[in-house]
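Below you'll find the structure, written out as structure tokens, and then a few comments.
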Amino acid sequence: MGRTNPLALRLRGVVNWPGNVRHQLLADYVKHIFQHNVISEPHIRASTSGIWINLTVLEQTKSDNQPSSHPRVRNPTIDFRNVRPLEALGRLERRVDKLAKGNHYFKDIFKGNATTPLEALGAEQDPLASLQIYRDSPIHLKVNVIKNPLLDAQVCAHYVAKHLANNRPMNKIYKQLLTKIA
1 MGRTNPLALR LRGVVNWPGN VRHQLLADYV KHIFQHNVIS EPHIRASTSG IWINLTVLEQ
61 TKSDNQPSSH PRVRNPTIDF RNVRPLEALG RLERRVDKLA KGNHYFKDIF KGNATTPLEA
121 LGAEQDPLAS LQIYRDSPIH LKVNVIKNPL LDAQVCAHYV AKHLANNRPM NKIYKQLLTK
181 IA
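Residue 1 is where the sequence shown starts when you use the UniProt record's numbering, and the numbers rise one by one after that.
If you want it as structure tokens, here you go:
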């Protein structure tokens, strides 16, 4: 029998353990995976044997996007061995690229020809060296699906408070929350 990781032994009974590192790219990727559900902020812990992500997902009663049937809940590992991050362009990167090529005012601001922030970072240093950790170490995803109505209200209150702290209007927060729940 193999040795169980001490980090897994300490955190296996805790529902919402805190993170000890910041991996913004990984947190954004996990938020993108569960974008149709109300989720908590991903908490990420790193050790020498891997990266653990803790995520709390709200289970809706009348929804087609049930988190219990999500493939990442059934197979809780993320594999980045065959990913090419420099080829992925998001909406923000496309907008920056369009502004940089269109108006002469923005051409002076964006003097480089990078289309993604990773390529802009690559002009100074190699961005793949910093992303290599995601290819080399295993990434484990612990998804806590909450079905209790009292905990549902607590998760919704945290969701509203987080978006209010980011200066979003209340009507947009409720509209987005209702589209995710309904």
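By construction, the Cβ of each residue, glycine as well, lies at the ideal position given by its N, Cα and C atoms.
From a predicted model like this one, the values you see are computed outputs, not experimental measurements.
Cβ separation of residue i and residue j, assumed to be a contact under 8 Å, to the nearest whole Å
i, j, result
"P42", "V30", "5 Å"
"V145", "V73", "7 Å"
Collapsed DSSP secondary structure at residue i in the structure displayed
i, result
"H32", "helix"
"V21", "coil"
"K172", "helix"
"M1", "Low per-residue confidence applies at M1: pLDDT is 46, beneath 50, and the placement is therefore not dependable enough to give any value."
"T48", "coil"
"K142", "strand"
"V57", "strand"
Beta-carbon gap between residue i and residue j smaller than 8 Å
i, j, result
"K142", "I51", "no"
"N75", "R45", "no"
"V38", "Y159", "yes"
"T77", "H32", "no"
"L55", "S40", "yes"
"R135", "F80", "yes"
"E59", "K147", "yes"
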